[in-house]
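Working notes, structure below.
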Amino acid sequence: MTPDSIPVSPVSTLECRSCGAGAPVDEHFCPQCSRILALGRHGDYFAFFGLPRKLLIAQDDLERRFRELSRKFHPDYYYNASPAERLASLERSSYLNDAYRALRTPATRIEHLLAIEGLPSTKSEGESGAAKVPPALLEEVFELNEELDEIREQRESGADPAALASRLDAARAPIDRKREEHERQIDALSAQWDGVAETGSPAERRATLDALRETLLERNYINNLLAAIDREGSGLSALGSGLQSDNPKPKG
Amino acid sequence: MGKVVGIDLGTTNSLVAYVRDGEPRVIRDSSGDALVPSVVSLGDDDTIFVGREAQRRLLTSPTRTVYSVKRFMGRGIDDVKDDAALLPFGISGEAGGVVRIGVGDREFTPPEISAFVLRELKQRAEEHFREQGEFDFEVDRAVITVPAYFNDAQRTATRDAGRLAGLEVLRIISEPTAASLAYGLDKKNRGTIAVYDLGGGTFDISILKVEDGVFQALATSGDTHLGGDDIDRVLIELVLRDSDSDGVGRVLLSRPAETIQAIRKSVIQAKWDLSDHEQAEIRVEPQAGLPNGYRRAITRAEFEALIRPLVDRTLGPVRQALSDAGLEPNEVDEVVLVGGATRTPLVRRLVADLFGKTPHSDLNPDEVVALGAAVQADILVSGRREMLLLDVTPLSLGIETIGAVVSKIIMRNSTIPASGREMYTTSVDNQTSVDIHVVQGERELVADCRSLARFKLRGIPPMPAGLPRVEVRFQIDANGILSVGARELRTSVEQAIEVKPSYGLTDQEVERMLIESFEHAQADFDARLLIEARNEAETVINATEKSLRRPDFAEVTGGELTKDELAQIERALGDLKQVMAGTEREVIHEKTHALNHATRHLAEVMMNRSVREALTGRNVKDI
């Protein structure tokens with residue numbers, strides 16, 4: 670590790686470090702001297718990719734844009750450039766990779782949209798541990814917890830693991846159905862957002878974002894439940910095969 | 055500007071390659087051998103031997119000969135205790151610090167040993183370019199490959215080794231992605247590639263997506279402690295079990311290192327034989343540690359049963375990488391085998407079964423990584439744009455938070471360069487510094503992850519507790535190496551960061567070693583000159599004595615030499631013999647010169663005599 674500092678400045682226009690000209694914040698290259706621009710305090714991954722702020726994105730179009738921008742920014746192609754350009758290339762390709770990671774999957778894409786629209790993150794609530802059960806899930810969560818308690822008890826009294834495993838599968842089914850339902854809801858809300866994103870009233874936009882956030886919170890909760898079931902399952906010796914391999918223990 | 059090369063710095067063997075006319079090629083020695091064994095040996099007079107010569111010395115000077123040093127790069131003594139038990143050379147180091155390797159009365163860090171190998175490769179390349187008639191043959195820059203699963207400390211150690219060898223390291227790239235570049239050269243196609251790389255000491259699996267010339271790693275996994283070395287160890291243990299029922303541990307203590315090396319050599323031969331034959335023999339000649347010698351037939355089936363657990367250990371990382379890439383095994387279009395250990399039929403069979411297709415092996419699995427490194431080096435300096443490698447960081451990067459829990463900042467398999475930010479504040483009024491501990495790994499607790507570095511954020515402006523907002527930015531560059539920057543956002547004050555690597559060398563240490571290596575280079579050079587001076591002295595002494603002691607001396611010289619002259623010769627001879635054992639090269643030179651001078655007349659006389667003899671005995675025509 671070497672100490673290094675990467676300055677960030679909260680500005681909406683950039684100054685080209687190569688020629689001193691000003692450039693709009695969404696430009697990657699200086700309109701004046703066409704050299705790569707240092708990264709300002711950006712924040713909008715959609716704009717960085719040249720995309721409208723919409724949620725339904727064609728995966729191969731996103732990938733194609735990612736490859737094209739990679740070819741423009743990557744440090745490999747700035748080996749002989751000035752130190753300022755090399756730093757800009759490093760910053761810009763890092764940012765591109767972060768942006769691509771965020772936009773690649775629908776959930777992280779919505780997360781990012783909520784962030785740039787000024788809504789609080791759904792992550793912080795999920796991780797605080799005090800996440801309250803979403804009202805729409807109360808019934809399922811109650812039943813699942815009862816079932817899990819019973820399975821644990823039976824396991825401790827030495828019940829057949831195979832039987833317990835199938836019981837666990839049965840307990841999982843309603844949660845799986847809920848998740849599928851939520852995936853559909855999220856898709857529908859995403860389409861709804863894309864309709865109001867540019868032309869909707871502020872109230873319409875806000876309502877859609879709030880609904881998206883609520884659904885995402887529920888989905889996070891469901892995912893946590895499913896992870897808990899998986900953990901329970903890996904405690905049963907009959908399970909734990911297939912692709913769910915042991916966590917690799919990095920030795921290095 | 056000098057030449058640029060690609061280097062595969064392997065556990066067992068290393069290679070150097072370069073690109074000419076768009077084609078990568080490995081550099082071979084005069085006998086056509088591309089592999090330089092990654093072995094370094096220290097002679098009794100501190101001469102450094104590298105490669106084949108050092109490999110020979112494994113049998114004769116095992117305690118002064120270091121091999122498999124890659125296993126120790128960027129590691130601490132606590133990590134390598136298991137390995138050290140079977141190694142004939144000394145391993146030491148403070149707990150929580152860099153491993154030190156004791157050879158004779160000298161001590162080296164792993165990057166210093168690796169630097170000897172790199173210097174040998176550099177020389178080999180320079181010799182090659184000189185022979186090609188290149189005016190500018192100096193090699194000053196290189197791309198060096200590392201296992202994909204190498205962590206920050208291991209990558210940094212590799213870069214340090216390059217610096218110590220006098221190379222500017224343009225880029226550290228991972229071995230499997232390098233191999234995919236070499237394979238992708240003539241194939242403009244698109245698809246998903248799995249590279250299965252089982253080398254001498256490390257195992258890597260990388261899944262890549264190739265499209266429009268962009269080689270994008272999707273996921274990587276591996277084991278930095280699994281390879282051909284382990285197969286050898288299983289076989290060595292078999293021999294030891296066979297020849298002594300006492301159990302492995304005790305036998306090792308009671309057997310000389312020479313014997314272990316002889317066994318090692320014989321099992322490696324048997325392992326190679328079993329790649330092509332159904333049966334082989336492990337045969338060790340009788341010697342001090344093994345008075346009756348050892349012979350044993352081994353079938354391929356027996357061999358496979360022995361190594362099956364090792365090969366099975368590769369399957370976990372393969373499944374992990376596939377699942378991280380979001381792919382099923384049958385969705386992989388091409389499978390590429392890399393590393394000498396993939397010659398083992400069992401490995402080929404298991405990989406073929408897992409992916410449901412025959413793996414590629416049309417390029418030499420020993421050479422493909424170096425070829426890819428050369429291609430990457432060419433991309434960096436030549437401005438060619440048709441290919442781009444996008445690699446990933448193999449391990450998540452995190453920082454220690456309250457309760458010794460890891461808070462992850464950059465997730466594993468993130469495309470690099472990648473960056474992450476974390477906000478810090480103070481807990482006491484007017485606090486001006488914060489301690490930060492950076493770790494790498496997937497586990498939740500700090501104790502289960504790899505400590506990368508600790509540093510202190512200093513220069514925070516004095517403010518009430520909780521008010522400062524210090525943004526720490528972590529940047530992983532295209533080498534997979536981390537750098538850190540920080541800034542207090544309220545005041546925009548840039549923070550000074552002093553990084554202490556946990557298992558690496560500080561910049562100052564590398565600088566010091568560079569200076570020492572120059573000094574030692576001088577010492578090594580001096581040692582060589584001394585040997586040459588002694589050889590020359592010996593030649594002159596032998597020639598003089600041969601003349602003086604010939605039975606017909608009086609007759610030959612015919613009284614042409616005075617008593618004085620003869621006495622002078624005897625004196626000069628005695629003088630030279632006396633200083634020859636010493637280490638004063640100048641004095642040896644001087645006395646050699648004196649003897650030469652004293653015997654000049656004698657030589658003339660002898661010469662004339664021979665000429666006369668020749669003339670009298672023969673016809674003029676014959677001369």
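So the protein lines, in turn, are chains A and B.
According to this note's numbering, the residues represented by the first sequence are 670 to 921, in order.
According to this note's numbering, the residues represented by the second sequence are 55 to 677, in order.
Glycine residues also receive a C-beta, built at the ideal position from the N, C-alpha and C atoms.
Because the structure is a prediction, the values reported are computed rather than measured.
In three-state terms, what does DSSP make of residue i?
i      : result
B/M55  : coil
B/V633 : helix
B/M660 : helix
B/H414 : strand
B/Y72  : strand
A/T791 : coil
B/Q333 : strand
B/P497 : For the sequence presented, residue 497 of chain B should be read as Arg rather than Pro. Residue state, collapsed to three classes: coil.
A/A753 : helix
A/V677 : For A/V677, the predicted structure reports a pLDDT of 40, less than 50, and the residue's modelled location is therefore unreliable. A value from the coordinates is still provided. In this structure, A/V677 counts as coil in the three-state DSSP scheme.
B/L543 : coil
B/E312 : helix
B/D489 : strand
B/S450 : coil
B/Q208 : helix
B/E148 : coil
A/A799 : Here A/A799 scores only 44 on pLDDT, less than 50, and its place in the model should not be relied on; the value that follows carries that caveat. Here A/A799 sits in coil by DSSP.
Within 10 Å of its beta-carbon, does residue i have 16 or more other beta-carbons around it, so buried, or fewer, so exposed?
i      : result
B/T353 : exposed
B/G281 : buried
B/V482 : exposed
B/F189 : exposed
B/L307 : Reliability fails at B/L307, whose pLDDT of 47 lies under 50, so the model's placement of it is uncertain and the value that follows must be treated cautiously. Exposed, by the Cβ-count rule.
A/Q701 : exposed
B/F528 : buried
B/R544 : exposed
B/R125 : buried
B/N467 : buried
B/D277 : buried
A/K847 : buried
Who are the near neighbours of residue i in its chain, counting only those whose CB is closer than 8 Å to its CB and skipping five residues on each side?
i      : result
B/S329 : R397, T398 and P399
A/G803 : Correcting the residue type first, residue 803 of chain A is Pro in the shown sequence and not Gly. E883, L886, E887 and Y890, listed in sequence order.
B/L381 : T246, I261 and L272
B/Q333 : A351, I352, T353 and R354
B/T637 : L584
Apart from the five residues just before and just after residue i, which ones in its own chain have a Cβ nearer than 6 Å to its Cβ?
i      : result
B/A626 : A648, L649 and A652
B/A179 : V59, V70, I81 and V193
B/A207 : G128, Y557 and G558
B/V93  : A108, Q109 and Y121
A/L708 : E760, R761 and Y764
A/M670 : Because A/M670 sits at a pLDDT of 44, beneath the cut-off of 50, its placement in the model cannot be relied upon, and the following sentence gives the value as read from the coordinates. Contacts found: none.
A/W862 : L724 and T877
For the alpha helix (DSSP H) that contains residue i, what are its first and last residues?
i      : result
A/D845 : P830 to V865
B/S168 : P164 to E185
A/Q775 : As written in the sequence, residue 775 of chain A is Pro, which differs from the Gln given in the question. First-last of the alpha helix (DSSP H) with A/P775: P775 to I785.
B/V641 : R639 to A652
B/A507 : First-last for B/A507: R504 to L511, but that is the beta strand (DSSP E), not the alpha helix (DSSP H).
A/Q823 : L807 to E825
B/E358 : R354 to D366
B/T231 : E229 to G238
Just curious, the beta strand (DSSP E) that residue i is in, first and last residue?
i      : result
B/R154 : R154 to V157
B/V80  : E77 to V80
B/R439 : Note, B/R439: premise wrong, no beta strand (DSSP E); not H, not E.
B/I464 : V459 to I464
B/V197 : V193 to V200
Counting only the same chain and skipping the five closest in sequence on each side, list residues whose C-beta sits under 7 Å from that of residue i.
i      : result
B/V389 : A248, Y250, V405, F409, K411, P413 and H414
A/T682 : G691, A692, P693 and V694
A/G712 : I785
B/I463 : L451, G452, I453, G474, E476 and F528
Any heavy atom of the ligand ADP closer than 7 Å to the CB of residue i?
i      : result
B/S122 : Within the structure as shown, the ligand ADP is missing, as the structure has no ligands at all.
Exercise for review: Ignoring anything shorter than 4 residues or poking outside the stretch 243-305 of chain B, list the alpha helix (DSSP H) runs there in chain order.
Suggested key: With a minimum length of 4 residues, the continuous alpha helix (DSSP H) runs that stay inside the stretch 243-305 of chain B are 282-297.
Check your understanding: Residue ranges of each alpha helix (DSSP H) run of no fewer than 4 residues wholly in the stretch 368-432 of chain B, ordered along the chain?
Key -> 369-379 and 399-409
Point to revise | Sequence ranges, beta strand (DSSP E) only - wholly within the stretch 64-138 of chain B, length at least 3 | key: With a minimum length of 3 residues, the continuous beta strand (DSSP E) runs that stay inside the stretch 64-138 of chain B are 67-74, 77-80, 94-96 and 102-104.
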